[in-house]
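In mature numbering (1 follows the signal peptide of the UniProt record, and there is no 0), the protein residues as written are -24 to -1, 1 to 109. Worksheet: one structure, shown below.
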Amino acid sequence: MKASTFIIKLVFLFLLLTAFKCDDQDSNSRSCDDYISKLEQMKAEIKDLGEASVCDKNFECRSIALGSKPCGGPWSYLVYSTSIDTLTLHNLVEAHNKLEREYNTACQQYSDCMMVKPPLRIECEDNKCIAIY
């Protein structure tokens, strides 16, 4: 009789531990979804600010590394002009890149590890900064 009681307790303990393990996985996936939502919101704000910029001359154009690949380096380069609040843009990009690095680690992300090169130069055409690769 004692052996069957031990087996029942062992099965109960196993089921209990399995239930807690599933809860942890669900909370991690919700957390990853929260990261994705926040990153998408931040990226839209960054792109809107960058696209609002206008230029008259080439010297007003700049680029900034946007995003953080799991292997390192940016996903892309955002082209903008100095006609906008560049400090705000830099702060937003820095916060976005930091959050994406946290997301990559917390949610065990991976990528192709290809290096994205910055533009060779940036030119002002029709009052918009254009990247030349």
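All C-beta atoms, glycine included, are put in the ideal place defined by N, C-alpha and C.
- Between the beta-carbon of S7 and that of A82 there is about 7 angstroms, and that keeps the pair under the 8 angstroms contact cut.
- For the options D88, I22, N103 and E76, the alpha carbon positioned closest to that of G43 is the one of E76.
- Within the DSSP secondary-structure output, S57 pairs in a beta bridge with C37.
- In this structure, L63 lies away from Y56, with their beta-carbon atoms at least 8 angstroms apart.
- Rounded to the nearest whole angstrom, the C-alpha separation of C100 and A20 is 23 angstroms.
- Rounded to the nearest angstrom, the gap between the Cα atoms of N103 and L54 is 16 angstroms.
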